[in-house]
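Counting in numbering that gives the first Met the number 0, the sequence shown runs from 0 upward without gaps. Yeah, the Cβ is synthetic: ideal placement off N, Cα and C, and Gly gets one too. Have a look at the structure below, then the notes.
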Amino acid sequence: MRTHSHFFVYRGDKMSNDRFETIINVINNICYETNTEESDVEYVVLQGLEKEDPYLLDPFILYKIAEFYNANWLGNADFMHIPNFLQVQYNCNNYPIIIAREKESKEIIGISTLKYDENKGETEDPYYPIPNEKYFSITGILTKMDNPYKGIGKKIYEIAIKGHYYFNKIYNDTSIMCVIDCRNKNSMNALHSAAKQLNEEVEETIIAKISGYYLLLDENKEML
């Protein structure tokens, strides 16, 4: 098993250090296997980079990640929160960050955060209201505008879901969910395709299904 570097300091907000190490190593191995099949694109988990990786030598990498979100998100800002530098820094210290980048230039062309949370009492997530549930959530999948590479979002979904699948072989008390704007047909299709692809690789049946939905209403109860 490939082990990750300690460039980013995990702060242990919700998940134990052992669990964090496990999910990083699992995703790191999946990225490594995925990259043997790809040509111009490579996938990495930020906290699993090799010591000589140029991202670890770049003092501005967190700013570049924040700018990637700022420059490439053109959708509804009320639906997807665009992280500023401090939020990016927090995410990098607490959650796996999956990045798709060009192999040669190392330019970011896709990114997602695999967040972890636990529903406990008043901290229960209203968008995933399962009592006492431990879960990962695939958030903020974003790809570079006008990039020539197809299927980046689908592959990131695939890596995240597959990562949870193997993580759950060790810690079998977690689930995984994803919040998607129902108007975003590409993301819906990418998630479905990723689950379908994984069914050809693993022993169990993985189903991407809609478990619930919510509406955004204004003060007049009109749908936004």
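Exposure of residue i, with buried meaning 16 or more beta-carbon neighbours within 10 Å
| i | result |
| --- | --- |
| L214 | exposed |
| A258 | Any question about residue 258 goes unanswered here, given that the chain covers just 0 to 223. |
| E203 | exposed |
| F84 | exposed |
| I209 | exposed |
| C91 | buried |
| M14 | buried |
| N185 | exposed |
| N219 | exposed |
| Y126 | exposed |
| G211 | exposed |
| F59 | exposed |
| Y42 | buried |
Residue i, enclosing alpha helix (DSSP H) - first and last residue
| i | result |
| --- | --- |
| S192 | K184 to N198 |
| G162 | I151 to I169 |
Close beta carbons around residue i, own chain, < 6 Å, minus the five adjacent residues each side
| i | result |
| --- | --- |
| Y165 | V25 |
| H5 | For H5, the predicted structure reports a pLDDT of 45, less than 50, and the residue's modelled location is therefore unreliable. The matter cannot be settled from this model. |
| K143 | N71 and I108 |
| A207 | L190, H191 and A194 |
| K133 | E117, D172 and T173 |
For residue i, three-class secondary structure by DSSP
| i | result |
| --- | --- |
| C177 | strand |
| Y134 | strand |
| Y22 | Correcting the residue identity first, residue 22 is Ile in this sequence and not Tyr. Correct three-state label for I22: helix. |
| L61 | helix |
| G139 | strand |
8 Å Cβ cutoff met for residue i and residue j
| i | j | result |
| --- | --- | --- |
| I64 | I107 | yes |
| V44 | Y148 | no |
| V87 | L61 | yes |
| Q46 | P82 | no |
| C177 | I151 | no |
| T21 | Y170 | yes |
| K153 | A189 | yes |
| P130 | E121 | no |
Cβ neighbours of residue i in the same chain (closer than 7 Å, five flanking residues each side left out)
| i | result |
| --- | --- |
| F135 | L113, K114, Y115, H163, T173 and I175 |
| I29 | I158, K161 and G162 |
| M0 | Reliability of the predicted coordinates at M0 is poor, the pLDDT of 45 falling under 50, and the value obtained from them is presented with this limitation in mind. Here the set comprises N24 and N28. |
Same chain only: Cβ atoms within 8 Å of residue i, ignoring 5 sequence neighbours per side
| i | result |
| --- | --- |
| I205 | I160, Y164, A194, L197 and N198 |
| F67 | I107, I110, L141 and K143 |
| V201 | K161 and Y164 |
| P53 | K105 |
| P119 | Correcting the residue type first, residue 119 is Lys in the shown sequence and not Pro. Result list for K119: N131, in chain order. |
Residue range of the unbroken beta strand (DSSP E) whose run includes residue i
| i | result |
| --- | --- |
| T112 | I107 to E117 |
| A99 | I96 to E101 |
| V87 | Here V87 belongs to no beta strand (DSSP E); instead the alpha helix (DSSP H) covers F84 to N93. |
| Y42 | V40 to V44 |
Proximity test, residue i beta-carbon vs the ligand ATP heavy atom, cut-off 7 Å
| i | result |
| --- | --- |
| I97 | This structure lacks the ligand ATP, and indeed carries no ligand of any kind. |
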